[in-house]
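UniProt numbering applies: residue 1 is where the sequence shown begins, and numbers increase by one.
Structure first, commentary second.
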Amino acid sequence: MPKQLLKNFAIEIQEKLDEKETPQGKIAVYQTVPFGKILSLNGKIIMSEHDGFFYHEMLAHPALFTHAYPETVAIIGSSFGTCQEVIKHSAISTIDCIDNQITLQKMLRHYFAEVYPETKDTRIQSYDLDTNQWLSQCESDRFDLIIQTSSTETAVHEDLCHYFRILKCDGLIVQPCVASLLQPQSLKLWQQSLQNAGFAHCQFLSFPQPSYPGGWRTVALAAKRPGIYRMREKRIYNRTFATRYYNFDVHKAAMALPEFMREEPDLFQ
């Protein structure tokens with residue numbers, strides 16, 4: 001079934017709006033029938049006009065409503081969309097955005113400005129640096145939350161160790177995983193990689209996104225120290241900003257493991 005889902009996944013395209021070659025690969029923008037404008041990097045969808053909010057809200061709000069007192073955040077990779085969700089939290093004092101894909105940033109701002117208007121929030125500091133270069137310069141115990149915006153099948157142990165180092169003692173990291181419906185065993189690899197880097201607790205959050213292959217996304221929410229990590233229910237209900245998908249019940253539901261994940265042998269044992 002997973003292979004068949006991937007094989008049959010397709011999006012009807014009306015026209016190609018733009019295409020550019022970059023050091024990271026080919027970036028293209030298309031006008032599509034079901035999802036409005038989409039932006040892809042080497043054929044992988046990075047941004048979707050009509051359903052991108054699922055992803056950006058779930059990268060930001062569950063972690064920010066789990067940490068007791070989040071103030072400092074780092075967003076690694078394309079911050080467009082995710083940063084606009086993070087700044088809704090008034091308690092956040094600084095947001096470091098690390099991304100050296102300049103062409104990608106420009107195309108996102110140009111074609112998706114109506115979805116996420118550019119912000120001039122003074123809490124945001126942008127760094128046009130390679131992730132490894134930035135990590136080598138970053139001091140220890142600096143951030144309450146790290147959000148990695150790109151999904152990969154496997155983790156780089158050295159990077160995870162750096163993330164562990166620069167997080168404060170009660171820090172959290174959000175790491176997108178590949179489609180759990182298509183590759184459920186990759187979640188076990190991520191869990192092991194995070195534990196090997198020192199993270200004491202790992203929780204997977206699942207949610208829909210129709211434009212993603214399989215229509216299902218999973219992210220790992222890992223904590224630097226052991227303990228009970230719970231949703232801050234009162235803060236969620238008293239929030240002063242609007243969301244399109246995220247709420248208390250959605251957060252609670254995202255923490256439940258679907259049966260197709262529970263049925264995988266040796267998963268989460």
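Positions of the beta carbon are idealized from the N, C-alpha and C atoms, including for glycine.
Bridge partners - residue i, DSSP secondary structure assignment
i: V219; result: P176, L205
i: F143; result: L167
i: G25; result: T22
i: V250; result: DSSP, once it has assigned bridges, lists no residue as partnering V250.
i: Q148; result: I76
i: Y127; result: I98
i: S48; result: I38
i: E57; result: Answer is none; E57 lacks a bridge partner.
i: K16; result: Y30
Simplified DSSP state of residue i, which is helix, strand or coil
i: C97; result: strand
i: residue 302; result: One cannot answer for residue 302 here, as it falls past the ends of the chain, which runs 1 to 269.
i: K88; result: coil
i: M231; result: coil
i: T32; result: strand
i: H110; result: helix
i: M1; result: Only weak support is given to the placement of M1: the predicted model assigns it a pLDDT of 47, under 50, and the question is left unresolved by the model.
i: V115; result: coil
i: E263; result: coil
i: K188; result: helix
i: L64; result: helix
i: residue 272; result: Within the shown structure, residues of the chain are numbered from 1 to 269, placing residue 272 beyond reach of any answer.
i: C83; result: helix
i: S193; result: helix
i: L135; result: helix
i: Q105; result: helix
i: L257; result: coil
i: D121; result: coil
i: E158; result: helix
Local Cβ density within 10 Å of residue i, reported as buried at 16 or more and exposed below that
i: I146; result: buried
i: M1; result: No answer about M1 holds up, because its pLDDT of 47 lies below 50 and its placement is not dependable.
i: R217; result: buried
i: N211; result: In the sequence on display, residue 211 carries Ser and not Asn. Buried, because 16 or more other Cβ atoms sit within 10 Å of the Cβ of S211.
i: E57; result: buried
i: Y69; result: exposed
i: G171; result: buried
i: F35; result: buried
i: P226; result: exposed
i: R239; result: buried
i: V33; result: exposed
i: I13; result: exposed
i: H251; result: buried
i: F260; result: exposed
i: A222; result: buried
CA nearest to the CA of residue i, picked from the options
i: S126; options: I76, M255, A254; result: I76
i: S195; options: Y229, A155, P117; result: Correcting the residue identity first, residue 195 is Gln in this sequence and not Ser. Nearest of Y229, A155, P117 to Q195, Cα basis: A155.
i: A256; options: G171, K224, L205; result: L205
i: Q24; options: Q148, Y30, T32, S78; result: S78
i: T119; options: E259, G81, G171; result: G81
i: Y116; options: N42, F143, K88; result: K88
i: N247; options: K106, T66, E49; result: T66
i: R165; options: T243, A28, E139; result: E139
i: I102; options: A223, D159, E21, A220; result: E21
i: H162; options: Q185, W134, K188, S151; result: W134
i: I92; options: Y245, Q105, A63; result: A63
i: T122; options: T149, T94, L108; result: T94
i: residue 270; options: I46, N132, E259, R244; result: No answer is possible for residue 270: the residues shown for the chain start at 1 and end at 269.
i: R244; options: L108, Q148, Q209; result: Q209
i: R232; options: H61, Q84, V29, E114; result: H61
i: A197; options: H157, K234, L189, G215; result: H157
Distance between beta carbons of residue j and residue i, contact taken as under 8 Å
i: L59; j: V174; result: 6 Å
i: Y111; j: K37; result: 6 Å
i: K168; j: F143; result: 7 Å
i: Q192; j: Y229; result: The Cβ separation is near 19 Å, so there is no contact.
i: N100; j: D141; result: In fact, because the Cβ distance is near 25 Å, the residues do not count as touching under 8 Å.
Closer than 6 Å: residue i CB and nearest the ligand PLP heavy atom
i: A223; result: As for the ligand PLP, it is missing from this structure, which has no ligand bound.
Within-7 Å CB hit, residue i to chain B
i: T152; result: Annotation note: the requested chain B is absent from the structure, which comprises a single protein chain.
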